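Report on one structure; see the data block that follows.
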Amino acid sequence: MTKFPELAIPLKLGSLTLKNRVIMASLTRNRASPGGIPNDLMALYYKQRSTAGLILSEGAFIEEIGGEWLNAPGIHTPAQIAGWKKVTSAVHSANSLIFAQLWHIGRVAHPYHQNGRPNVGPSAVKAEGGEFRLLEGKPGYVQPVAIEDPQVYVEMYRRAAKNAKEAGFDGVELHAANGYLPHQFLESHSNQRTDAWGGSVEKRARFVIEIVKVLIAEWGGDAKRVGIKLSPAGGYNDMGDTDDVARAQYTYLIQELDKLNLGYIQLSQGWPSPRANKLVVLNEFRPLIKNAHVFFNTNLTGEIAEQQLTGKFPGVAAIQGAVFGRPFISNPNLPELLQTGGALKDSDYKTYYTPGADPSTGYTDY
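Shown next as structure tokens:
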């Protein structure tokens, strides 16, 4: 029985073919080995969830940098590349595809997790609030050091894309959402530069656009092997410009990205927070995207996803991919369950980021 036929239709992404339109979101799970090295347990975890048409890997650090995620994987050392090869091979053996999500957390890192190395941002403006669950005393965010030459970080992303290709990934996604470094360059309150990288809509967009261009170049000019995640409404890590500022910023950015003919633009509504704006992301920005596929990610159900994919969701043109996050944690066969109407299992939040004595618990034992 196929309850949601549109979700089951394969999707062409350049030369790639997704076997269905159920996409697994990036989910930090903190199971990497010391040194941020992906391991056999991670390979099993991703293979179990290769029922997805496309897997977006958990965020992979593009340089040695900390955060609250001490066992998150990296993609900047030979050992990490070798570890990811186990993961990509496992996914491919199960007839699925996997993109590497490239991650730098910028100003929301903490020096205590970096051997005293300061966190960085587009400007020396700290995020408000913050919580580092693995640090005693619960310190909040601290003021970052302004990046002197953003081109250095563009080059870091290029190297990460090269490493992802070597590791056997099918493509890469730039994490430019959720208050991480590229997002910090986009917003006027976190980017107060007056040089070529800030001070106007066009200049604040430059960092993201330059990164996407080098990612495409690293993949031999195959723009369809590159995607990006955006959260224009903010709502996490003290992000969110006003409605008017965000609308202008993301209208320009998305139109410029779409000219690059990249594989997809993943839009996320984000989370409520004091700084979040009131933009309804899909309604605002879906009409601007003419060339790239549109993926949507935020609290989807099978019913909502099917409506969005068929263009029957009120006020929104059809999208091409439905991104599911937490349901994939406890339901490795999520596409099948959606189609048959099977009951979805709940996941245990306590095991999301803090593995117990047996790291497989709440990870590969569902």
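Numbered according to the UniProt record's numbering, the sequence shown spans residues 1 to 366. Backbone N, C-alpha and C define an ideal beta-carbon position, used for all residues, glycine too. Small disclaimer: the values here were computed from a predicted structure and weren't measured.
Under the 10 Å beta carbon count, residue 280 is surrounded by fewer than 16 other beta carbons and is classified as exposed. Annotation for residue 181: no beta strand (DSSP E) segment contains it, though the alpha helix (DSSP H) segment containing it runs 181 to 186.
Contact between residue 340 and residue 1 is confirmed by a C-beta separation of about 6 Å, below the 8 Å threshold.
Residue 350 and residue 259 have their C-alpha atoms some 43 Å from each other.
When secondary structure is reduced to three states using DSSP, residue 351 falls in the helix class. Spatial neighbours of residue 128 in its own chain (CB-CB distance under 6 Å, excluding positions within 5 residues in sequence) are listed in chain order as 238. Note that the C-beta distance between residue 309 and residue 7 is below 8 Å.
Burial of residue 208 is indicated by the presence of at least 16 other C-beta atoms within 10 angstroms of its C-beta. Distances from the alpha-carbon of residue 171 to those of 210, 13 and 186 put 13 closest. The beta strand (DSSP E) runs of length 3 or more contained entirely in the stretch 73 to 113 are, from start to end of the chain, 98 to 103. Within 10 angstroms of the beta-carbon of residue 27 lie 16 or more other beta-carbons, which makes it buried. Unbroken beta strand (DSSP E) runs of no fewer than 3 residues, entirely contained in the stretch 313 to 364, are found at 321 to 324, following chain order.
Exposure of residue 354 is indicated by the presence of fewer than 16 other C-beta atoms within 10 angstroms of its C-beta.
If you compare the alpha carbons of 285, 221, 321 and 334 with that of residue 297, the shortest gap goes to 321.
Between the alpha carbons of residue 178 and residue 51 lies a gap of roughly 26 Å. Within the stretch 39 to 68, complete beta strand (DSSP E) segments of at least 3 residues are found at 54 to 61, given in chain order. Secondary structure at residue 163: helix, using DSSP grouped into helix, strand and coil. Annotation: residue 171 is outside any alpha helix (DSSP H); the continuous beta strand (DSSP E) that includes it extends over 171 to 176.
Between residue 235 and residue 197, the gap from beta carbon to beta carbon reaches 8 Å or more. Taking all protein chains in view, the Cβ of residue 152 is surrounded by fewer than 16 other Cβ atoms within 10 Å, so the residue is classified as exposed.
The Cβ atoms of residue 191 and residue 273 do not sit closer than 8 Å to each other. The continuous alpha helix (DSSP H) containing residue 7 extends over residues 5 to 8. In the DSSP assignment, residue 264 forms a beta bridge with 227 and 293. Note on residue 79: under 16 other CB atoms within 10 angstroms of its CB, so exposed under the neighbour-count rule. Residue burial is scored here from C-beta neighbours: residue 231 has at least 16 other C-beta atoms within 10 angstroms and is therefore classed as buried. Between the stretch 131 to 146 and the stretch 160 to 167 there are fewer than three inter-stretch CB-CB distances shorter than 8 Å, so the stretches are not counted as touching. Rounded to the nearest whole angstrom, the CA to CA distance from residue 332 to residue 84 is 20 Å. Cα atoms of residue 38 and residue 88: separation of roughly 11 Å, rounded to the nearest angstrom. Residue 17 carries a strand assignment under DSSP once its states are collapsed to helix, strand and coil. Taking the Cβ atoms as the reference, residue 145 lies roughly 11 Å from residue 125, outside the contact range of under 8 Å. The residue among 363, 335 and 110 with its C-alpha nearest the C-alpha of residue 348 is 363.
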